[in-house]
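Chemist: I have a structure I would like to understand better, so I am pasting it below and will then ask my questions one at a time.
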Amino acid sequence: MASAIIFPVQDVNMLRNRATDAWADRFPEELPEGWSVSTLDLRPFLAVFPPLALKPGYTLRAYQFYYHRDGNTVVWALPETAVFPPPDPQADDDPPAPPEALDNVMAAITGDETPWSYLCAS
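In this note's numbering, the protein residues as written are 18 to 139.
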């Protein structure tokens, strides 16, 4: 029978705080309303999770939605050389996937297969 692994709550909270700090003050002050290409560099966010890494040849890009101080972001993993077209700014829901985007962003992420890496990936 497998034994349970317990992560100290303070370690999990520290990870959550670092993740928030990695992007929270990097947003531009003015965002266009509707869907647009995010200018946010997602590498500092991924760096918060040391057991995880982006697979060689891939990058993370995002579309962001902003309306009246509320918003949403959709992150895509795609080859570094792939075109990342602007989204339809009038799209009601999530914009369509870029042509070369992976179906699952986690397919471009690798981990060291430790229990902590699985928690980070979740």
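Cβ atoms here follow ideal geometry from the backbone N, Cα and C, with glycine treated the same way.
1. Could you check whether V92 and A79 sit closer than 8 angstroms to each other, using their CB atoms as the reference points?
2. By Cβ distance, which residues of its chain are closer than 8 angstroms to F70, with the 5 residues on each side in sequence left out?
3. Where does A94 land, buried or exposed, given buried means 16+ other C-beta within 10 angstroms?
4. What are the start and end residues of the beta strand (DSSP E) that includes R78?
5. Determine the contact status of S53 and Q27, defining contact as a CB-CB distance below 8 angstroms.
6. Pick out whichever of E97, R43, A118 and S55 has its Cα sitting closest to the Cα of S89.
7. Who are W93's beta bridge partners in DSSP?
8. Using CA atoms only, rank isn't needed, just tell me which of E50, V65, L57 and R43 is closest to A36.
9. Would you grab the beta carbon distance between P61 and A39 for me? Rounded to a whole angstrom, and I think it's under 8 angstroms.
10. In the DSSP output, which residue or residues are listed as bridge partners for D109?
Modeler: Judging by the given coordinates:
1. Yes, the pair counts as a contact, with Cβ atoms nearer than the cut-off.
2. It should be pointed out that residue 70 corresponds to Ala in this sequence rather than to Phe. Closer than 8 angstroms at Cβ, skipping near neighbours: L63, I126, T127 and G128.
3. Classification of A94: buried, given that the 10 Å Cβ count is 16 or more.
4. Y75 to Y84 is the extent of the beta strand (DSSP E) around R78.
5. The Cβ atoms of S53 and Q27 do not sit closer than 8 angstroms to each other.
6. Note that residue 89 is Asn in the sequence shown here, rather than Ser. Ranking E97, R43, A118 and S55 by Cα distance to N89 puts S55 first.
7. DSSP lists R78 as the beta-bridge partner residues of W93.
8. For A36, the nearest C-alpha among the options comes from V65.
9. Between P61 and A39 a beta carbon distance of about 5 angstroms is seen, short of the 8 angstroms cut, so the two are scored as contacting.
10. DSSP lists no beta-bridge partner residue for D109.
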